[in-house]
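In numbering that gives the first Met the number 0, the protein residues as written are 0 to 77. C-beta atoms are modelled at their ideal positions from N, C-alpha and C, and glycine is treated no differently. These numbers come from a predicted model, not from an experiment. Here's the structure, in structure tokens; my notes come after.
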Amino acid sequence: MMNLRTEVAGEVRVQLHRAYKDDVIPGHTFADCDPIRGDQPCATVTWRGKPDLTDITGQPMQVELRMRAARLYTFWAE
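The following block contains the structure:
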């Protein structure tokens, strides 16, 4: 979940990596991530329309953000 705001041409995307490795978790790349735009006080991150992380639950991971013309206020996981 994220609280963010973008400019008209801005967006935020999220990519997940396996912790301690340099590989991206398949299906959770920047290319798979649906762009988040606008004033979003409680945006859910989705990859190809799905927010589901059950296939990687319990795995340590790193979160990478790609932001363009955006401000991120908070980021949290539920």
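Would you say residue i lies against chain D (beta-carbon separation less than 7 Å)?
i   : result
D33 : Of the chains in the structure shown, none is chain D; there is only one protein chain.
Determine the closest residue to residue i out of the options, with distance taken between C-alpha atoms.
i   : options            : result
E6  : W46, A68, P34      : A68
I35 : G9, E77, Y72       : G9
G48 : G26, G57, L15, T73 : G26
W75 : M60, T53, C41      : C41
R17 : M60, M66, R70      : M60
Can you tell me whether residue i sits near the ligand NAD, meaning its C-beta is under 6 Å from at least one heavy atom of the ligand?
i   : result
T28 : The ligand NAD is not part of the structure shown, which contains no ligands of any sort.
Just reading off the beta strand (DSSP E) that residue i is part of, what are its end residues?
i   : result
V13 : 1-17
P34 : First-last for P34: undefined, no H or E at that position.
F74 : 60-74
Considering only the beta carbon of each residue, do residue i and residue j sit closer than 7 Å?
i   : j   : result
W46 : D31 : yes
F29 : Q14 : yes
T56 : N2  : no
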